[in-house]
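Colleague: Okay, so the sequence shown: first residue is 1 according to the UniProt record's numbering, each after it adds one.
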Amino acid sequence: MPSEPDDADQIFAVLATSDAPASPASPPRPASTWRRRAAVTLRVIAAVAAIVTVSIGVFAYAQLLSIAESDLHLLTMIVGDWYPTLLDLAILSMGLGVAALVGAAILAPSRPKKSGGPKAIVAAAIVIALVAISLIPTVLFSGGQLLMRTSYTVLPGESEGGCRIVVSESSTLLDGSGSAGVLRPGTVVVDWIRDFSAQSPGKRFAQGRYTLTWDGETADLQADGLTWRPFAPLTCTG
């Protein structure tokens, strides 16, 4: 018959199986720290993208009200030979924001117990509503550009210093109008210099019905049937 465990054995067994305080938690692994920081960075990118999208909507609304009629020229950007419309920029911004949020959720999924609860839901709903509302004037303004058949053309050729000529054209059933500006090297923002009007419809520059010659950094741009105002030189200096 096996002997009964003595008192020392019983005490040792109790100590071994007791709920003793756990050892201090080990510091987070480098991989976890990296994932958490990346998730925070992606959330910041998503917030910036939402702000950009709303700002585009506000700008488009101002254009619709003719409050900042000349500001559109100040913010016309050309990337290579591509002119991104306000709707293009809004879609790119929203896509970036959604991608950033998805990436943040994958890297560091939020925990319901530590979420902001109703406040976080209300804040997210407000942001989504603002972005959705801002799309309305952006779509209307871009639609107006389509109705006016507004196009932007980067003309072939450049000056000795790498300057290029950009022309915007709008055409109706009866007449046309537009502007000409310079795109300096190292920038994507067009410097609009002069406007023109035409007594007949059509897009002369998009169709190649023009002449362009360079004299140093000054361009001589000509097309039949146009009235320029003001007749300022298309130059990249100054």
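We put the CB at the ideal spot given by N, CA and C, even for glycine.
On the CB-based measure, 16 or more other CB atoms within 10 Å of its CB, does Arg229 come out buried or exposed?
Modeller: Answer is exposed; the Cβ neighbour count stays below 16.
Colleague: Would Pro137 pass as a contact of Ser171 if the rule is Cβ separation under 8 angstroms?
Modeller: no
Colleague: Confirm, please, whether the CB-CB distance from Ala90 to Ile56 is below 8 angstroms.
Modeller: yes
Colleague: Is it the case that the Cβ atoms of Ser168 and Thr150 are separated by a distance below 8 angstroms?
Modeller: yes
Colleague: Report all residues from its chain with a CB closer than 7 angstroms to the CB of Phe141; omit the five preceding and five following residues, and keep chain order.
Modeller: Ala60, Gln63, Leu64 and Leu86
Colleague: Should Ile78 go down as buried or exposed, given a rule of 16 or more other Cβ atoms within 10 Å for buried?
Modeller: buried
Colleague: CA-CA distance, Arg184 and Thr211?
Modeller: Going by the C-alpha atoms only, they are around 20 angstroms apart.
Colleague: Compute the Euclidean distance between the alpha carbons of Leu130 and Val54, then round it to the nearest angstrom.
Modeller: 7 angstroms
Colleague: Nearest-angstrom Cα distance between Glu217 and Ser159?
Modeller: Taking C-alpha positions only, Glu217 is separated from Ser159 by approximately 5 angstroms.
Colleague: Does the Cβ-Cβ distance between Arg35 and Ala125 come in under 8 angstroms?
Modeller: no
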